[in-house]
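All remarks here apply to the structure that follows.
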């Protein structure tokens, strides 16, 4: 960026060169357009009140271009009346609660197409992720439930067909998230399914052996559940390869996962945020085999060394050193920021000022995104009480480019004066205007669709890597943009955060620079491609060899 360079700032024992960023002019604001956009969806816990851990865990949802028109659509999941979970007084809701798909009309409004598309699943929904598992060019939808999950194959005509059983992805336990990536580099997407815990249908809760002021028992009252890795067989079916891949962790309490190449060796790794226990960093130590190196790399614990209540992990290059860092909202401390150094991670939550900003809240869905396009990743966190429908305001923290964040919530729109019981948060450019918008999935309430107004006052570049014309975004691609002496790097990843699927198109803020000197694309199969002198303020599609 064309900004003055200051001295290095020491974080821990390592000094890292950073560029200072000063806010020029007014900051962007976020406008809550949920009602004007035509979004009528309302999440429900399935009965009259919040009364157990299943009801309190979701919801999330997905931003994905289901019809391939270049505009992001919205998918919301809901709870339902369920005999394992719900109070008998809520039986009147039985058969009345469904998920919803909203089509983007390209004019700031959305239309409910759930029935037409055939994706109004009525199970107890936790989240949804989108990926082109059959390589036909359109995005399929995987819904994670308490109980059997549901896989919808996109028919390419605006409708979906439910193919869960034939695909082998029912997973009849409590799944809450999934991360799609090509773990064996054979050209099709495999899926890592995050399973939370084994709920006992309220048996322990009825015993009264818990702190009643918490309303219901927490995660330590229940045994954990084994996550699962499913290999795509290339014929519409998936095979469970968890054990042979080394991913055995039967006591895990996974909350969400992100799949990225952490150590830069060309193989995709998986970081899992666990609840009330150490997190897991599954590194591919050899092709198609993983080992948990979270402890030795400093990514297992929260502040003080204990396993905290981590929510959804978010991957991004916060300090622009080319390495993946992690931001994890946390129920105990508000959040955790892990900066990657050579071979290890350093907790910089306090040094970055995020401990002070987030510590008063109960953090759930978070994101690293450059909301003002100044070239530095900022932080958004949706907050809300874990055991009661006690609302909290959300937080927006701006990266000052010198290793610290500033709370700019009160300067960023009236929305930040409102309070919800927030859970998942997804990020994507809903109106294709170059700045990133936000969708917050709130518990037992309406969602919040937040339009970014003014983030495109700085220059920007959105890169869409495709392995061929008409193909979906190539997940696992790493894009590096160089502009004004700065190197900005981001992976193409959709499942990045708590219970959500995001816009997978990397969006880069270029500040005052109207041109990027280079755009470097590292494809999932190891091929590299460089484009030079690329104009800013465009959505750039890149195809290998072109």
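Residue numbers (the working numbering): 2 to 547. Where a beta carbon is used, it is the ideal one built from N, C-alpha and C, also for glycine.
Your pair residue 260 and residue 271 checks out as a contact, with CB atoms roughly 5 Å apart and the cut at 8 Å.
Judged by DSSP in its simplified three-state form, residue 115 adopts helix. Look at residue 205 here: in three-state DSSP terms it is helix.
Straight across, the Cα-Cα distance linking residue 469 with residue 69 is about 14 Å. Residue pairing by DSSP puts residue 330 in a beta bridge opposite 336.
In terms of Cα proximity to residue 203, the closest of 144, 84 and 125 is 84.
Boundaries of the beta strand (DSSP E) around residue 407: 406-408. At a Cβ-Cβ threshold of 9 Å, residue 385 and residue 444 count as neighbours.
Per the coordinates, the alpha-carbon of residue 252 lies some 16 Å from the alpha-carbon of residue 258. Nearest in C-alpha terms to residue 120, of all of 161, 312 and 96, is 161.
DSSP, read as helix, strand or coil, puts residue 457 in helix.
If the five residues before and after residue 373 are omitted, its C-beta is found closer than 6 Å to the C-beta atoms of 29 and 456, all from its own chain and listed in chain order. Per DSSP, the unbroken alpha helix (DSSP H) holding residue 358 starts and ends at 355-359.
Residue 382: member of the beta strand (DSSP E) spanning 379-384, first to last residue. Remark: C-beta atoms of residue 352 and residue 320 do not approach each other more closely than 9 Å. A Cβ-Cβ distance of about 5 Å is found for the pair residue 480 and residue 507, placing them in contact under the 8 Å criterion. The alpha-carbon separation between residue 318 and residue 302 amounts to approximately 20 Å.
Residue 312 sits close to residue 499, with the two beta carbons spaced by under 9 Å.
Within the same chain, and ignoring the five residues on either side of residue 310 in sequence, the residues whose Cβ sits closer than 7 Å to its Cβ are 276, 277, 331, 332 and 333. Exclusion of the five residues before and after residue 53 leaves 86, 203, 206 and 217 as the residues of its chain whose Cβ lies within less than 7 Å of its Cβ. Take the alpha-carbon of residue 398 and the one of residue 365: they are about 15 Å apart.
For residue 416, the secondary structure class from DSSP, reduced to helix, strand or coil, is helix. Just so you know, the alpha carbons of residue 463 and residue 517 end up roughly 11 Å apart. Burial is judged here by how many other beta carbons sit within 10 angstroms of a residue's own beta carbon; residue 393 has at least 16 and is buried. Residue environment: residue 249 is assigned as exposed (fewer than 16 neighbouring CB atoms within 10 Å of its CB, all protein chains considered). Residue burial is scored here from C-beta neighbours: residue 166 has fewer than 16 other C-beta atoms within 10 angstroms and is therefore classed as exposed.
Around the CB of residue 391, fewer than 16 other CB atoms lie within 10 Å, so the residue is classed as exposed. Residue nearest to residue 280 within the set 543, 337, 150 and 267 is 337 (criterion: CA-CA distance).
Closest option to residue 514, judged by alpha-carbon separation, among 294, 448, 376 and 60: 376.
When DSSP assignments are scanned along the region 159-242, the uninterrupted stretches of alpha helix (DSSP H) that are 4 or more residues long and fall wholly within it turn out to be 165-168 and 204-208.
Annotated as distal: residue 98 and residue 115, with beta-carbon spacing of 9 Å or more. Residue burial annotation: residue 465 is buried, with at least 16 other C-beta atoms found within 10 angstroms of its C-beta.
A check of alpha carbon separations from residue 424 across 265, 256, 140 and 476 identifies 256 as the nearest. Take residue 546, set aside five residues on each side of it, and the residues of its chain with a beta-carbon closer than 8 Å to its own are 530, in chain order.
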